[in-house]
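A.B. asks:
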Amino acid sequence: MATLKEQLGCWLNERWKTELVLKAPRLAESLGLSWLDLCNRSEQLLIDPVTGGRICQWQFSSQLTAARFFPEVGRRLLLHCLDIWPVNFRPINVANESFKPEISIIVGVRGKSRLPQFFACLASLEAQEAIDIEVIVIEQSWEKEFEKILPQNIRYFHQNIPTPDIPYNRSWAFNFGVKQARGKYVVLHDADMLAPKQFARSIADVLDKGIDAVRPPRLIFYLDQFTSKHIQDKHQLPDKLTISKIIANNRTPVATTKEAYLNIGGHDEAFWGWGGEDDEFMDRLRTLNIAEGGWLPIIHLWHPVAPKKASGDRNAQLCDTRLKMPVQQRIDELRARAWGETKP
Numbered sequence: 017m018a019t020l021k022e023q024l025g026c027w028l029n030e031r032w033k034t035e036l037v038l039k040a041p042r043l044a045e046s047l048g049l050s051w052l053d054l055c056n057r058s059e060q061l062l063i064d065p066v067t068g069g070r071i072c073q074w075q076f077s078s079q080l081t082a083a084r085f086f087p088e089v090g091r092r093l094l095l096h097c098l099d100i101w102p103v104n105f106r107p108i109n110v111a112n113e114s115f116k117p118e119i120s121i122i123v124g125v126r127g128k129s130r131l132p133q134f135f136a137c138l139a140s141l142e143a144q145e146a147i148d149i150e151v152i153v154i155e156q157s158w159e160k161e162f163e164k165i166l167p168q169n170i171r172y173f174h175q176n177i178p179t180p181d182i183p184y185n186r187s188w189a190f191n192f193g194v195k196q197a198r199g200k201y202v203v204l205h206d207a208d209m210l211a212p213k214q215f216a217r218s219i220a221d222v223l224d225k226g227i228d229a230v231r232p233p234r235l236i237f238y239l240d241q242f243t244s245k246h247i248q249d250k251h252q253l254p255d256k257l258t259i260s261k262i263i264a265n266n267r268t269p270v271a272t273t274k275e276a277y278l279n280i281g282g283h284d285e286a287f288w289g290w291g292g293e294d295d296e297f298m299d300r301l302r303t304l305n306i307a308e309g310g311w312l313p314i315i316h317l318w319h320p321v322a323p324k325k326a327s328g329d330r331n332a333q334l335c336d337t338r339l340k341m342p343v344q345q346r347i348d349e350l351r352a353r354a355w356g357e358t359k360p
């Protein structure tokens with residue numbers, strides 16, 4: 017619960033802008049403000065001339081203060097964004113497979129603990145409009161659990177781990193998925209996120225400008241448990257949404273050309289368990305022509321925090337060690353390795 021002093025400070029610095037955008041969008045626009053411009057008082061944004069989005073001028077992800085102190089503001093902001101970027105769902109058993117997709121969307125999974133979130137994610141991806149896509153699911157596990165429960169139009173691959181207790185390797189899953197991709201562009205997506213129906217089309221429009229990579233999310237809206245359950249059960253948004261937090265400057269989802277991904281050596285498969293791989297990958301990705309201005313709202317479905325995330329085990333030491341190496345040295349090293357294989 018925010019103190020009165022904190023609430024007053026938020027009104028003076030953040031909330032008045034938010035209310036202007038939500039209650040008087042035309043006036044806000046005339047003053048050069050939109051939902052894209054909402055950030056915390058200590059943060060600065062730059063307009064990205066390529067994407068039309070906003071580049072976050074700070075290093076790590078951050079929580080939007082106005083929504084943290086006033087949760088109802090977060091709900092209203094999400095509704096505002098959904099008016100501009102609607103999220104739809106399509107029954108995953110009736111989607112048409114595209115044999116010449118423009119974009120390949122890659123999702124890695126292990127275990128069925130988040131199966132409802134995963135199927136809601138798939139339904140939002142299948143609802144993409146005005147573009148041919150393929151969805152590639154990479155199951156990294158001791159036994160195949162997803163092969164028989166996925167619709168036929170989903171491209172499924174299995175990575176067999178040597179022992180049941182080996183940690184998940186997100187880099188390995190993405191690398192393998194990109195190698196299988198038939199699209200010119202690849203999106204590295206999380207299995208607990210919902211994408212607007214123009215998600216893939218808008219990404220392709222930016223990459224078509226000759227850009228190597230983009231960071232599409234401007235804000236990620238984390239739903240609470242009950243709102244998430246409604247979406248997972250019904251594959252539709254409820255009349256009343258409840259937000260637990262709003263995050264800016266998140267590393268994922270990210271999209272690149274397939275060629276660019278391969279040219280920098282993909283993800284570093286030295287990262288086992290959660291964390292670190294995205295920061296190291298982004299450091300190499302920035303050697304290319306990347307547009308970092310986020311322009312899309314993304315919805316995150318609730319689930320229990322992964323044990324290693326909760327304990328703070330983020331591969332920090334390995335990431336620091338890798339980042340101390342010259343970036344071109346890392347690229348050369350990773351390109352020379354055998355990566356993205358069926359087995360580690």
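Quick note on our numbering: the sequence shown kicks off at 17 and runs consecutively.
Heads up, the beta-carbon is just placed ideally off N, CA and C, and yes, glycines get one too.
Note that this is a predicted model, so its numbers are computed, not measured.
Could you compute how far the alpha carbon of D99 sits from the alpha carbon of T358?
C.D. replies: So the two alpha carbons sit approximately 42 Å from each other.
A.B. asks: Quick check: P178 and G289, are their CB atoms within less than 7 Å of each other?
C.D. replies: It is not a contact, given that the beta carbons lie outside the stated cut-off.
A.B. asks: Helix, strand or coil for L24? Go by DSSP, reduced to three states.
C.D. replies: Of the three classes helix, strand and coil, the one that applies to L24 here is helix, per DSSP.
A.B. asks: Confirm the yes/no value for this check: CB of S244, any heavy atom of the ligand GTP, distance under 6 Å.
C.D. replies: Only the bare structure without any ligand can be found here, which leaves the ligand GTP out of the picture.
A.B. asks: Just how far apart, CA to CA, sit S260 and I152?
C.D. replies: Taking the straight line from one Cα to the other gives about 30 Å.
A.B. asks: Using C-beta distances below 6 Å, list every residue in its chain close to V123, excluding the 5 sequence neighbours before and after it, in chain order.
C.D. replies: V153, H205, A207.
A.B. asks: Flag this pair as yes or no: are the beta carbons of H283 and M209 separated by less than 7 Å?
C.D. replies: No.
A.B. asks: What is the rounded straight-line gap between the Cα of G68 and the Cα of I247?
C.D. replies: Spanning the two alpha carbons is a distance of roughly 30 Å.
A.B. asks: May I have the straight-line CA-CA distance separating L339 from I306, to the nearest angstrom?
C.D. replies: Straight-line Cα distance between these residues: approximately 19 Å.
A.B. asks: Give the secondary structure of G90 by DSSP, where H, G and I count as helix, E and B as strand, and everything else as coil.
C.D. replies: Helix.
A.B. asks: Using the Cα positions of Y238 and I263, report the straight-line distance between them to the nearest angstrom.
C.D. replies: When rounded, the distance between both Cα atoms is 8 Å.
A.B. asks: Could you tell me how far apart the beta carbons of A143 and F105 are, in whole angstroms, since I believe they sit closer than 8 Å?
C.D. replies: Their Cβ separation, rounded to whole angstroms, is 6 Å, which keeps A143 and F105 in contact under 8 Å.
A.B. asks: In three-state terms, what does DSSP make of V110?
C.D. replies: In this predicted model, V110 has a pLDDT of only 46, less than 50, meaning its place in the structure is not dependable; the value taken from the coordinates is given anyway. V110 falls in the coil class under three-state DSSP.
A.B. asks: Taking only three categories from DSSP, how would you classify F297?
C.D. replies: Note: F297 maps to helix in three-state DSSP.
A.B. asks: At the level of alpha carbons, what is the spacing between C97 and L257?
C.D. replies: C97 and L257: Cα-Cα distance of roughly 13 Å.
A.B. asks: Using 10 angstroms around the beta-carbon of D255, count the other beta-carbons present and answer buried if the total reaches 16, otherwise exposed.
C.D. replies: Exposed: under 16 other Cβ atoms inside 10 Å.
A.B. asks: Mind checking which residues open and close the beta strand (DSSP E) that includes N176?
C.D. replies: Where N176 is concerned, the enclosing beta strand (DSSP E) stretches over 171-176.
A.B. asks: I need the straight-line Cα distance from A111 to N169, nearest angstrom please.
C.D. replies: Any reading at A111 is ruled out, since the residue's pLDDT is 45, under 50, leaving its predicted position unreliable.
A.B. asks: If the criterion is Cβ atoms closer than 7 Å, does the pair V365 and S140 meet it?
C.D. replies: With the chain covering 17 to 360 only, the question about residue 365 has no answer from this structure.
A.B. asks: Got a sec, what are the start and stop residues for the beta strand (DSSP E) P233 sits in?
C.D. replies: Where P233 is concerned, the enclosing beta strand (DSSP E) stretches over 233-239.
A.B. asks: Confirm, please, whether the CB-CB distance from N331 to G291 is below 7 Å.
C.D. replies: It is a contact, given that the beta carbons lie within the stated cut-off.
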